[in-house]
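Below is one structure; the comments refer to it alone.
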Ligand code: IMP
Ligand code: MG
């Protein structure tokens, strides 16, 4: 649950530091490249970043993957975001290329209830990719409402609202180079 628009907030403790992000993302890039190479995948994988939250993670992740990849972006809007997730997700801006018969890796910032990712996987599966995997930086597993297969997970975090490294609260804090908890000081 995120603090409401009217809340007064302050940055709390750092959950994931810059050094921890760098080290973990380096490992993820190596594992991802190894997995695709192991399968003898000849088609170039396409990494699909989910806007806006995943843009920093995507930028850093692709530089750690020592193989030829393509990138594209998709943007989703979730109704009722902010207070309680409604589970109703809408495609705000679509991919610019076809993913048919391509190995696709979704790159996402955080999975909370899982409703957004579940919608996205269903939507992309219907387009017949050769394979569809998910790489997520943060997994807030305690809040999951739906069963999801995640292929690559950066960090599992407790049920706190986080900001930084691409993630926002009311459009703020995306530019922090680390991930911090956002604390509610007072609801107005
Ligand atoms: P879900 O559909 O509940 O899994 O929510 C997924 C989306 O909600 C993510 O893609 C984020 O955009 C947003 N979100 C969930 N938790 C947080 C958080 O702690 N900080 C910032 N955004 C979050
Ligand atoms: Mg997101």
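Residue numbers (this note's numbering): 956 to 1143. Built from N, CA and C at the ideal position, the CB exists for glycine as well.
Please determine whether the Cβ atom of residue i lies at a distance below 6 Å from any heavy atom of the ligand ATP.
i            : result
residue 1102 : As far as ligands go, the structure on display features the ligand IMP and the ligand MG and does not contain the ligand ATP.
Between which two residues does the beta strand (DSSP E) carrying residue i extend?
i            : result
residue 1110 : 1107 to 1111
residue 963  : 962 to 971
residue 1049 : Premise fails: residue 1049 is in no beta strand (DSSP E) and is neither H nor E.
residue 1086 : 1086 to 1094
residue 1131 : Segment: none, residue 1131 is in no beta strand (DSSP E) and carries neither H nor E.
residue 1063 : 1058 to 1066
Given 6 Å as the limit, tell me if residue i has its C-beta closer than that to any heavy atom belonging to the ligand IMP.
i            : result
residue 1117 : yes
residue 1067 : yes
residue 1122 : yes
What are the partner residues of residue i, as DSSP defines its beta bridges?
i            : result
residue 1075 : According to DSSP, residue 1075 bridges with nothing at all.
residue 1027 : 1003
residue 1119 : 1122
residue 1163 : Outside the modelled stretch of the chain, which goes from 956 to 1143, sits residue 1163, for which no answer is possible.
residue 992  : Paired residue(s): none; residue 992 is not in a bridge.
residue 959  : Paired residues: none, contrary to the question.
residue 1032 : 1045
Quick check on the DSSP output: the alpha helix (DSSP H) that includes residue i runs from which residue to which?
i            : result
residue 1100 : Premise fails: residue 1100 is in no alpha helix (DSSP H) and is neither H nor E.
residue 1011 : 1010 to 1017
How close, in whole Å, do the beta carbons of residue i and residue j come, if the pair is a contact with beta carbons under 8 Å?
i            : j            : result
residue 1019 : residue 969  : Incorrect: roughly 22 Å between the Cβ atoms, too far for contact.
residue 983  : residue 1109 : 6 Å
residue 1065 : residue 1093 : 4 Å
residue 1002 : residue 986  : No, residue 1002 and residue 986 are not in contact; Cβ-Cβ is about 14 Å, not under 8 Å.
residue 1134 : residue 971  : 4 Å
Legend entry - Residues proximal to the ligand MG by C-beta, any heavy atom closer than 7 Å: 1005, 1008, 1009, 1063, 1064, 1065, 1071
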